[in-house]
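Line by line, the protein sequences are chains A and B. The numbers in UniProt numbering rise by one with no breaks, and the one at position 160 of the first sequence is 160. The numbers in UniProt numbering rise by one with no breaks, and the one at position 278 of the second sequence is 278. For every residue, glycine included, the Cβ atom is placed at its ideal position computed from N, Cα and C. These figures come from a predicted structure and were not determined experimentally.
There are 2 protein chains.
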Amino acid sequence: MKKDILEALKQNKGKFISGEELSIKIGVTRTAIWKHIKQLKEDGYEIDAVSRRGYRLIQEPDTLELNELEIDIQTRLIGRNLIYYPSIDSTNNEAKKEAALGAPEGTVIIADEQTGGRGRLGRHWVSPRGTGIWMSIILKPQLEPAEAAKITQLTAAAVTTALRNVTGCEAGIKWPNDIIINKKKVCGILTEMSAELNTVNHIIVGIGINVNVDPKEFPDEVRAIATSIKESVGHEIYRKEIVLEILQIFEELYLDFLRTRSMAKSVEICKKYSVTLGNAVRIISKDKIIFGEALDLTEDGELVIRNEAGAVEKIISGEVSVRGISDYI
Amino acid sequence: MKKDILEALKQNKGKFISGEELSIKIGVTRTAIWKHIKQLKEDGYEIDAVSRRGYRLIQEPDTLELNELEIDIQTRLIGRNLIYYPSIDSTNNEAKKEAALGAPEGTVIIADEQTGGRGRLGRHWVSPRGTGIWMSIILKPQLEPAEAAKITQLTAAAVTTALRNVTGCEAGIKWPNDIIINKKKVCGILTEMSAELNTVNHIIVGIGINVNVDPKEFPDEVRAIATSIKESVGHEIYRKEIVLEILQIFEELYLDFLRTRSMAKSVEICKKYSVTLGNAVRIISKDKIIFGEALDLTEDGELVIRNEAGAVEKIISGEVSVRGISDYI
């Protein structure tokens, strides 16, 4: 019912709607309406209440709770099933559990805080409460395990486009799974999968974005290599707007990929916003280190480099550093 | 304490051990000893109890309960952590949960019955109570996802060798994951993994063996293509002996693989007992069907065939049928 009232207020944002009208529309007493309005104010909603005129929504809080997301989401697959936690160990871990229990494709787990956020290879990922976007998407595409890397590229394309659209920041992609602003990391993507030998059961795409984090909150060793949207654009951004835009663009790219089996659209975006191509790179792959120049992405999103010996080779995975970015000077 | 008594009886199998001796050895009253002996008899242990002489173990039941396995296991990694269920939906599913909770490498889940046993691609697998071996091994090797197929070959080598050693049956390997006797399937292997793009988190090896199943118990459509050890050798076999032999040989092959990073030992066994090599094969891979002749296995255990056009190609995965076996006539 709180959701219904909120939805009515949002439809009339900035305009008054009378208690009586709300009462009739939603089918509860005016006292019940009043109680829910009080709760919404406690949740951080700025609402005018003027006698004889009614209620007027001035401003929503920066919240990712379900009411906000569910009312405004426009997708038809990605995020239609949303699960929200104020705090959780890791949205990827939770998504794995949900997937094992049969959660449908497109299910999104989102949290206001991660107490055990992980980056690649189990590395710790700082995920403070209320200032970032920590979410995971469950996918069940018909793919071979070796193709899962495509989903990382698709996600990088979606997140970068969404960040640029909503915030105007100059986000770029450090192949394969980091989003960069001003040479510092603002977002990491962690793709995990459950698979049989030749068939993916499900893929979990974890997305962690530093949105309104104050750089002073980062630990010292992180501050040198990480940034936030707030630091880049100079003010706070509503996380909800970014989430909805990511889900929307992700859905477009993902449905296009399923339909065409081509990564063309995502790879075009990845090339356009790449901070890797044209630069010197250092790649740690298994037990060797490769130095070279990043030349291009293949149609599947793999990195093509010219190595020190002058030979052109294709890199499918590995730890990639780009000269001048983060810790590779 | 029941385990201690059983262990003492087993050490003296066929010989009498007095209640007093047991009482002193284990540190409980003779009445307690008597009660546990009574329970062991109810569990199916055949035990003589003769006044003034004591207790004598004649015969163990065909059980996979922990006491039996834990007392006799000789491995140091595979199966050192054993988890037994009288009945469970699927040992692979349970192994996935245990792995997610941090179960150590080598953990084995074993059940007397599966109510939702699965073969590849989610196919149903008949797993009746008390007549088969349904178990899963949790592994955490440093592997790329594409290498997981090696573990299937290693498992096929271990199971085939163990079945031959213990039962004298003429088990053969239908590449990549079926064990065959008399052209019918006696065992299936289901390898699943959790992985990041370039690193395996863990691998679950599911092994399902029809041991003492009476072929009459198979559904009609299964009877034509499935067999059991009992049908092959003409009598029942203690499942425990097979389990212990599998774990032992699996451990030898696995530790050798980790040490040498070479599949030589497993592939040698896979070639020796192959029912695929030298025969006409039909391979369903993605959306195409390949006909050809199976020529060889590579050093990594992949199948080499000569296709209808006369070209030699390497098959990494797919649904393989061998002319003359099961449903490919």
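Please identify the residue among A:Glu94, A:Leu143, A:Ile269 and A:Glu60 whose C-alpha is closest to the C-alpha of Gly172 of chain A.
When each option's Cα is compared against that of Gly172 of chain A, the closest is A:Ile269.
With DSSP run on the structure shown, which of helix, strand or coil describes Val205 of chain B?
Strand.
Name the chain A residues whose beta carbon is nearer than 9 Å to that of Glu192 of chain B?
By Cβ distance, chain A contributes Ser194, Ala195, Glu196, Leu197 and Asn201.
Say whether chain B places a C-beta atom closer than 8 Å to the C-beta of Lys10 of chain A.
It does not: the Cβ of Lys10 of chain A has no partner Cβ on chain B nearer than 8 Å.
So, is the C-beta of Pro145 of chain B closer than 8 Å to a C-beta in chain A?
Chain A, which has a Cβ nearer than 8 Å to the Cβ of Pro145 of chain B, makes this yes.
Report the residues of the segment 302-326 of chain A with a CB closer than 8 Å to any CB of chain B, ordered along the chain.
The residues in question are Ile316, Ser317 and Gly318.
Give the DSSP-derived three-state secondary structure of Leu101 of chain A in the structure shown.
Here Leu101 of chain A sits in coil by DSSP.
Should Val50 of chain A go down as buried or exposed, given a rule of 16 or more other Cβ atoms within 10 Å for buried?
The residue in question, Val50 of chain A, is exposed, as its Cβ has fewer than 16 Cβ neighbours within 10 Å.
Please list, in chain order, the residues of the segment 145-169 of chain B that have any C-beta partner in chain A closer than 7 Å.
Those would be Pro145, Ala146, Ala148, Ala149 and Thr152, in chain order.
Nearest chain A C-beta to Ala100 of chain B closer than 8 Å, yes or no?
True, the Cβ-Cβ gap to chain A drops below 8 Å.
So is Lys25 of chain B in contact with chain A if we call contact Cβ pairs under 8 Å?
Not an interface residue.
Classify Gly106 of chain B as helix, strand or coil using the three-state DSSP reduction.
Three-state result, Gly106 of chain B: coil.
So for Glu293 of chain A, helix, strand or coil by DSSP?
It is a strand residue.
For Ile26 of chain A versus Ile47 of chain A, is the C-beta distance shorter than 8 Å?
No, they are not a contact pair.
Nearest to Leu253 of chain B by CA position, among B:Arg56, B:Leu154 and B:Glu68, is which residue?
When each option's Cα is compared against that of Leu253 of chain B, the closest is B:Leu154.
Use the C-beta contact count for Asn177 of chain B: other C-beta atoms within 10 angstroms, 16 or more gives buried, fewer gives exposed.
By the neighbour-count rule (16 or more Cβ atoms within 10 Å), Asn177 of chain B is buried.
Here's a check: name, in chain order, each residue in its chain whose Cβ is nearer than 7 Å to the Cβ of Ala157 of chain B, leaving out the five neighbours to either side.
Excluding positions up to five away in sequence, the list reads Leu253, Ser266, Ile269 and Cys270.
Between which two residues does the alpha helix (DSSP H) carrying Lys271 of chain A extend?
Unbroken alpha helix (DSSP H) run through Lys271 of chain A: Ala264 to Lys272.
What alpha helix (DSSP H) runs, 4 residues minimum, are completely inside the segment 219-252 of chain A?
Taking only runs of at least 4 residues, the alpha helix (DSSP H) segments lying wholly in the segment 219-252 of chain A are 220-223 and 229-233.
As a quick exercise: from B:Glu94, B:Glu113 and B:Gly117, pick the residue whose alpha carbon is nearest that of Thr107 of chain B.
Thr107 of chain B has its Cα closest to that of B:Glu94, out of B:Glu94, B:Glu113 and B:Gly117.
Please say whether Leu303 of chain B and Trp175 of chain B have beta carbons closer to each other than 8 Å?
Yes, Cβ-Cβ distance for Trp175 of chain B and Leu303 of chain B is below 8 Å.
Taking just the CA atoms, how far does Tyr85 of chain B sit from Ala111 of chain B?
Rounded to whole angstroms, Ala111 of chain B to Tyr85 of chain B spans 5 Å at the Cα level.
Between residue 333 of chain A and chain B, is the shortest Cβ-Cβ distance under 8 Å, so that the two count as touching?
No answer is possible for residue 333 of chain A: the residues shown for chain A start at 1 and end at 329.
Could you compute how far the alpha carbon of Gly301 of chain B sits from the alpha carbon of Ala195 of chain A?
If you take the alpha carbons of Gly301 of chain B and Ala195 of chain A, they lie about 19 Å apart.
Please report the residue range of the alpha helix (DSSP H) in which Arg164 of chain A lies.
That run of the alpha helix (DSSP H) goes Ala148 to Thr167.
Report the three-state DSSP secondary structure of Asn307 of chain B (helix, strand or coil).
In the structure shown, Asn307 of chain B sits in a strand (DSSP, three-state: E or B).
Quick check on Trp34 of chain B: does DSSP put it in helix, strand or coil?
DSSP places Trp34 of chain B in helix when its eight states are reduced to three.
For Lys140 of chain B, which three-state DSSP category applies?
In this structure, Lys140 of chain B counts as coil in the three-state DSSP scheme.
Check whether the segment 70-90 of chain A and the segment 141-151 of chain A are in contact - that is, three or more C-beta pairs closer than 8 Å.
No, the segment 70-90 of chain A is not in contact with the segment 141-151 of chain A.
Can you name the residues that DSSP bridges to Asp300 of chain A?
Per DSSP, none; premise fails for Asp300 of chain A.
What does a CB cutoff of less than 8 Å around Val222 of chain B pick up in its chain, not counting 5 residues either side in sequence?
Taken in chain order, the residues that qualify are Val126.
If you count every other CB in all the chains shown that lies within 10 Å of the CB of His235 of chain B, and 16 or more means buried, which is it?
Label assigned to His235 of chain B: exposed.
What would DSSP say about Lys10 of chain A, mapped onto helix, strand or coil?
In the structure shown, Lys10 of chain A sits in a helix (DSSP, three-state: H, G or I).
Let me confirm a value: His36 of chain B is counted as buried when at least 16 other C-beta atoms fall within 10 Å, else exposed. Which label applies?
Looking at its Cβ environment, which holds 16 or more other Cβ atoms inside 10 Å, His36 of chain B is buried.
Compute the distance between the beta-carbons of Lys13 of chain A and Leu57 of chain A, then report whether it is under 8 Å.
For Lys13 of chain A and Leu57 of chain A, yes; Cβs fall inside 8 Å.
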